[in-house]
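S.K.: I'd like to ask some things about the structure below.
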Amino acid sequence: MNPAEAGKEALRQGRFQEAIQLLEDYLAQFRQEGKAEGSPAGSSDSQVLEAQMNLVRAYHLAGQAEKARALCLELLQHPDPQARGWAQKILPRLPAPEKPVASPSREQGPPPEPLPKAQLVSPRQRAAPLGGRIPLPVQAGSLAWAKWGSLGVGILFLWGLSFLLVGSHLDFGRLSFPRQLWFLQGLLPWLRNGLRWLVAGSLAVNFGVGLLFFAPWLMDQLHRRLHKLRWASLGEIERHSPEATRLLQRLCAQKQLKQPRLGVIPEGGPLAFVYGTFPDGGRIVVTQALLQQLAPDEIAAVYAQALGRIVNGDILILTLLGSPVQLVYLALEQVSQLGRQRRDLIGHVAPLLYLIYTVLSYPLFFLSRLGTSHADHFAVEATGNPNGLMAALLKSAAGLQEAHKNDRRPSSLLHCTRLFSFLDFKTTAAASAAVRLPDPAQASQLFRWDQLNPWARWMQLNSSHPLLGRRFQVLGEYAQRLRLLPELSLVQPTEEVAPPKARFWLDLAIYAAEVVGMVIGWLGGLILYLALQNRLDPKVIAAAAMVGYGVGLWAKAALMYRGSLSPQPADVLSLLADPEADPCRSQPVELEGELLGLGQAGYQLGAELKLQDATGLIPLRFTSPLGPVGNVFSGLKPLRALMGQQVKVVGWFRRGNTAWVDLAYVQAGSQQLHSRPRLWLALLGLGVVLLGIWGAFYFPNLASYFRR
């Protein structure tokens with residue numbers, strides 16, 4: 030790899046100083062050989078031009094603004110019109126050099142007029158902390174109602190679970206009133222049930238109080254055991270970002286909080302998360318990669334966002350409610366390790382635990398999304414630097430994709446911190462493509478789907494955080510209120526992108542066809558039962574609902590993967606930039622790239638099969654004819670031999686909170702491995718329909734009715 034390519038790779042991975050050194054050496058070598066910038070076009074000249082552009086970016090990201098502007102001004106004089114156009118777009122984004130302010134005097138003339146209020150200043154120039162002057166967007170919602178509502182639902186759930194496991198089994202049959210109080214005998218059943226619920230409530234309260242003190246310690250131990258968490262001093266953080274330490278000290282003094290414990294994890298990808306059940310006992314943990322790959326002001330923005338979740342209190346509720354879920358994940362890790370060591374059936378318990386962990390996490394997504402929006406607002410007010418947080422999100426999302434693209438099983442750190450981190454790792458596909466673009470102005474096109482597509486509002490329900498495009502849009506609005514030029518100039522969502530509303534609701538019905546079929550089947554069974562009430566068993570309603578569910582799966586298989594498979598060649602960038610993509614009307618595509626990642630035995634329900642081409646990274650979904658069960662036991666084994674190879678994949682592109690391709694087949698040379706998503710849906714639907722019909726005719730009175 031020549032110095033230009035090595036410098037480009039170092040820049041992409043966030044090693045800015047190394048990138049600067051490599052690119053400077055490369056350009057110096059060409060100057061010594063007499064190949065100046067204006068030489069005739071050729072492969073070497075195009076490489077020199079690309080190296081100069083990358084060097085401008087490296088200077089800018091490393092905080093060397095003067096060098097970045099100087100080189101960009103040189104490119105404005107370049108004979109290549111594309112180079113001049115690129116420099117014209119980039120130059121306004123580079124911070125202007127600061128000029129000393131002299132006191133006005135008679136010789137100097139009158140002071141310059143102030144800038145008009147509508148004029149924007151360049152990015153990374155800072156606005157003064159406003160302390161609450163930036164209004165929250167309307168869609169942010171009330172965090173107080175969300176916190177107390179989530180806590181109330183959690184208490185009721187714990188109370189009901191305690192009654193189901195303990196209270197309902199208590200026997201108060203010997204409890205009775207004296208004969209003199211015979212008139213109270215009718216209250217005995219109510220009293221006995223009340224005592225059962227009272228005991229269950231007492232257990233729930235004791236368990237909740239124990240969690241209040243035990244949950245942070247539990248998560249400390251989990252991260253020490255699984256991720257080698259260590260506690261860091263304020264001085265260690267200061268070496269990477271002096272602004273972050275000053276900000277923590279200032280905000281904790283203002284809010285009268287004890288400084289949170291600061292942790293560092295030697296994990297490959299840039300990530301930050303926060304937890305704790307008391308404001309004075311919070312923990313803010315970052316990975317070493319985040320401290321190394323982000324600029325000092327971006328690190329400060331991340332710490333401000335994490336502190337905002339402690340101050341706002343949403344993370345305290347999430348820790349209290351989410352810590353029991355972490356026990357499921359700890360069990361998942363232990364079972365998976367046993368499965369890898371023993372190579373027996375115990376490893377296949379892990380997919381069940383993975384499914385339980387995912388289902389239990391879903392009810393907490395709403396509070397996590399809302400808390401993230403309020404924490405972003407807190408960070409902007411505390412730092413006056415929305416662009417710093419925007420850049421931190423973009424770099425971290427791309428860094429996580431790059432760091433974990435070769436993982437052969439899902440990262441335990443990403444999964445067990447999903448509720449507590451400052452971004453959702455499952456929505457980072459667009460960011461990995463955005464950082465590869467030669468022109469940063471084009472990056473906003475990759476987030477148009479998040480902003481404009483009506484499916485985004487529904488698919489966001491599957492995400493623990495707001496979609497990145499929506500966060501960038503809100504942060505851009507904050508930047509404009511502070512008279513700063515946004516880091517990403519996202520389009521304003523004045524109107525929705527296709528599909529039109531009528532087609533959208535039809536597509537939504539197709540996407541949820543099994544639910545629609547179940548409702549229709551239930552209504553049909555209810556009407557049939559009411560019409561023949563004296564002759565039918567009421568269980569026929571449930572049987573009809575099952576038949577409707579199966580028919581819905583049939584319809585979904587036929588409509589979602591409609592027609593013959595006629596794929597069109599595409600790349601990851603073009604797919605991610607399509608604002609009209611949706612999860613229902615799949616698009617047949619053909620992609621070529623490197624096949625990466627695959628869960629080991631026991632992780633197949635969370636297998637992370639991906640394809641990387643020159644423009645980005647996209648997840649793939651492989652389905653054996655037996656569905657997830659087939660994947661767990663044997664379906665994914667042939668794919669392991671293809672990991673790291675150049676392959677061609679053909680399938681159906683779909684877009685939800687993340688983009689993915691449902692595979693039809695993977696081809697490596699003359700070998701083809703087929704995936705059967707349509708067949709699996711059809712077989713599952715057939716099985717449910719047959720089960721419903723069998724259940725209906727199993728009822729004796731229904732069978733006898735038809736015999737009559």
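Heads up: the sequence shown begins at 30 in this note's numbering, then just goes up one per residue.
Just so it is clear, CB atoms sit at the ideal spot from N, CA and C, and this is done for glycine as well.
None of these values were measured; they are calculated from a predicted model.
May I have the straight-line CA-CA distance separating L692 from R650, to the nearest angstrom?
M.R.: Along the sequence shown, one-based indexing puts residue 692 at 663. Along the sequence shown, one-based indexing puts residue 650 at 621. Rounded to the nearest angstrom, the two C-alpha atoms are 6 Å apart.
S.K.: So if DSSP puts A688 in a beta bridge, which residue, or which two residues, is it bridged to?
M.R.: As a working note, residue 688 is residue 659 in the sequence shown. Per DSSP, R684.
S.K.: Do Y558 and V569 have their CB atoms nearer than 7 Å?
M.R.: As a working note, residue 558 is residue 529 in the sequence shown. As a working note, residue 569 is residue 540 in the sequence shown. Cβ atoms of Y558 and V569: closer than 7 Å.
S.K.: Where in the stretch 319-395 do unbroken runs of the alpha helix (DSSP H), each at least 4 residues long, occur, reported from the N-terminal end onward?
M.R.: List check, alpha helix (DSSP H) in window: 325-341, 343-371 and 379-390.
S.K.: Using only the alpha-carbon positions, how far apart do I313 and R44 sit?
M.R.: Within the sequence shown, residue 313 is the residue found at index 284, counting from 1. Within the sequence shown, residue 44 is the residue found at index 15, counting from 1. Spanning the two alpha carbons is a distance of roughly 24 Å.
S.K.: Does DSSP classify I163 as helix, strand or coil?
M.R.: Walking along the sequence shown from the start, residue 163 turns up at place 134. If DSSP states are grouped into helix, strand and coil, I163 belongs with coil.
S.K.: Please determine if the stretch 325-342 and the stretch 228-239 are in contact, where contact requires at least 3 C-beta pairs separated by less than 8 Å.
M.R.: No, the stretch 325-342 does not touch the stretch 228-239.
S.K.: Would you kindly report the start and end of the unbroken alpha helix (DSSP H) that includes H703?
M.R.: In the sequence shown, counting from the first residue as 1, residue 703 sits at position 674. No alpha helix (DSSP H) holds H703; the beta strand (DSSP E) holding it covers Q700 to H703.
S.K.: Looking only at its chain, what residues have a beta carbon closer than 7 Å to the beta carbon of Q288, apart from the 5 residues adjacent to it on each side?
M.R.: Against the sequence shown, residue 288 aligns to sequence position 259. For Q288, where only same-chain residues beyond five positions count, the Cβ hits under 7 Å are L277 and C281.
S.K.: Where does G239 fall in DSSP's three states?
M.R.: Within the sequence shown, numbered from 1, the residue matching residue 239 stands at position 210. Helix, per DSSP.
S.K.: Just the C-alpha distance for L620 and L646, rounded to the nearest angstrom, thanks.
M.R.: For the purposes of this step, residue 620 is taken as the residue at position 591 of the sequence shown. For the purposes of this step, residue 646 is taken as the residue at position 617 of the sequence shown. Between L620 and L646, the C-alpha separation is close to 11 Å.
S.K.: Comparing alpha-carbon positions, which option in Q111, Q58 and E53 lies nearest L100?
M.R.: Residue 100 sits at position 71 when you count from the first residue of the sequence shown. When only C-alpha atoms are compared, the closest one is E53.
S.K.: Relative to the alpha-carbon of L555, which residue among A542, G546, A538 and A574 has its alpha-carbon at the smallest distance?
M.R.: Here residue 555 corresponds to residue number 526 of the sequence shown, with the count starting at 1. Closest option to L555, Cα to Cα, is A574.
S.K.: Could you name the residues that DSSP lists as bridge partners for F302?
M.R.: If you number the sequence shown from 1, residue 302 lands on position 273. Note: F302 sits in a beta bridge opposite V314 and S450.
S.K.: Is the beta carbon of I344 closer than 7 Å to that of V303?
M.R.: For the purposes of this step, residue 303 is taken as the residue at position 274 of the sequence shown. For the purposes of this step, residue 344 is taken as the residue at position 315 of the sequence shown. A contact, by the Cβ cut-off of 7 Å.
S.K.: Kindly indicate which residue of G310, V293 and P299 has the alpha-carbon position closest to the one of Q285.
M.R.: Start at 1 with the first residue of the sequence shown, and residue 285 comes out as number 256. Closest option to Q285, Cα to Cα, is G310.
S.K.: Taking DSSP's pairing of strands, which residues face Q597 in a bridge?
M.R.: Reading the sequence shown from its first residue, position 568 is the one you call residue 597. V618, per the DSSP bridge assignment.
S.K.: In chain order, what residues of the same chain lie with their CB nearer than 6 Å to the CB of R477, ignoring the 5 residues before and after it?
M.R.: Stepping through the sequence shown from its first residue, residue 477 is reached at position 448. Cβ within range, chain order: P608.
S.K.: Do three or more CB pairs link the stretch 672-680 to the stretch 538-547 at distances below 8 Å?
M.R.: No, because fewer than three Cβ pairs between the stretch 672-680 and the stretch 538-547 fall closer than 8 Å, the two stretches do not touch.
S.K.: What residue range does the beta strand (DSSP E) around L496 cover?
M.R.: Reading the sequence shown from its first residue, position 467 is the one you call residue 496. Per DSSP, L496 belongs to no beta strand (DSSP E) and is neither H nor E.
S.K.: Does DSSP put A693 in a helix, a strand or coil?
M.R.: The residue you call residue 693 lines up with position 664 of the sequence shown. If DSSP states are grouped into helix, strand and coil, A693 belongs with the strands.
S.K.: From the DSSP output, which residues share a beta bridge with A261?
M.R.: If you number the sequence shown from 1, residue 261 lands on position 232. Per DSSP, L291.
S.K.: Identify every residue that forms a DSSP beta bridge with I647.
M.R.: Here the question's residue 647 lines up with position 618 in the sequence shown. The partner list for I647 (beta bridge, DSSP) reads L640.
S.K.: For F449 and L105, I'd like the C-alpha separation in whole angstroms.
M.R.: As a working note, residue 449 is residue 420 in the sequence shown. As a working note, residue 105 is residue 76 in the sequence shown. If I take the Cα positions, the gap works out to 45 Å.
S.K.: Would you call Q674 buried or exposed, if buried means 16 or more other Cβ atoms sit within 10 Å of its Cβ?
M.R.: Position 645 of the sequence shown holds residue 674. Looking at its Cβ environment, which holds fewer than 16 other Cβ atoms inside 10 Å, Q674 is exposed.
S.K.: Can you tell me whether DSSP reads K455 as helix, strand or coil?
M.R.: Translated into the one-based positions of the sequence shown, residue 455 becomes position 426. Note: K455 maps to helix in three-state DSSP.
S.K.: So, A244 versus T348, is the Cβ gap smaller than 7 Å?
M.R.: As a working note, residue 244 is residue 215 in the sequence shown. As a working note, residue 348 is residue 319 in the sequence shown. In this structure, T348 lies closer than 7 Å to A244 by Cβ.
S.K.: Tell me which residue opens and which closes the alpha helix (DSSP H) that F59 is part of.
M.R.: As a working mapping, residue 59 is identified with position 30 in the sequence shown. Here the alpha helix (DSSP H) through F59 covers F45 to Q61.
S.K.: Secondary structure at E623, three-state DSSP: helix, strand or coil?
M.R.: In the sequence shown, the residue the question calls residue 623 occupies position 594. E623: strand per DSSP, three-state reduction.
S.K.: Whose CA, out of E327, L710, L396 and L216, lies closest to the CA of P271?
M.R.: Sequence index remark: in the sequence shown, residue 271 carries index 242 (1-based). The option with the nearest alpha carbon to P271 is E327.
S.K.: Going by alpha carbons, who is nearest to D642 out of A462, L671 and A572?
M.R.: The residue labelled residue 642 in the question sits at position 613 within the sequence shown. Here the closest residue by C-alpha is A462.
S.K.: Say whether chain C places a C-beta atom closer than 7 Å to the C-beta of Q674.
M.R.: Of the protein chains in this structure there is only one, and it is not chain C.
S.K.: Please work out which residues of its chain come closer than 6 Å, Cβ to Cβ, to P598, disregarding the five sequence neighbours upstream and downstream, and give them in chain order.
M.R.: Walking along the sequence shown from the start, residue 598 turns up at place 569. So the qualifying residues of the chain are E619.
S.K.: Are the beta-carbon atoms of P612 and G685 separated by less than 7 Å?
M.R.: Position 583 of the sequence shown, counted from the start, is the residue given in the question as residue 612. Position 656 of the sequence shown, counted from the start, is the residue given in the question as residue 685. The answer is yes: Cβ separation under 7 Å.
S.K.: Identify whether V234 lies in helix, strand or coil by the three-state DSSP scheme.
M.R.: Sequence index remark: in the sequence shown, residue 234 carries index 205 (1-based). In the structure shown, V234 sits in a helix (DSSP, three-state: H, G or I).
S.K.: Can you check whether the CB of S492 is closer than 7 Å to the CB of D453?
M.R.: Here the question's residue 453 lines up with position 424 in the sequence shown. Here the question's residue 492 lines up with position 463 in the sequence shown. For D453 and S492, yes; Cβs fall inside 7 Å.
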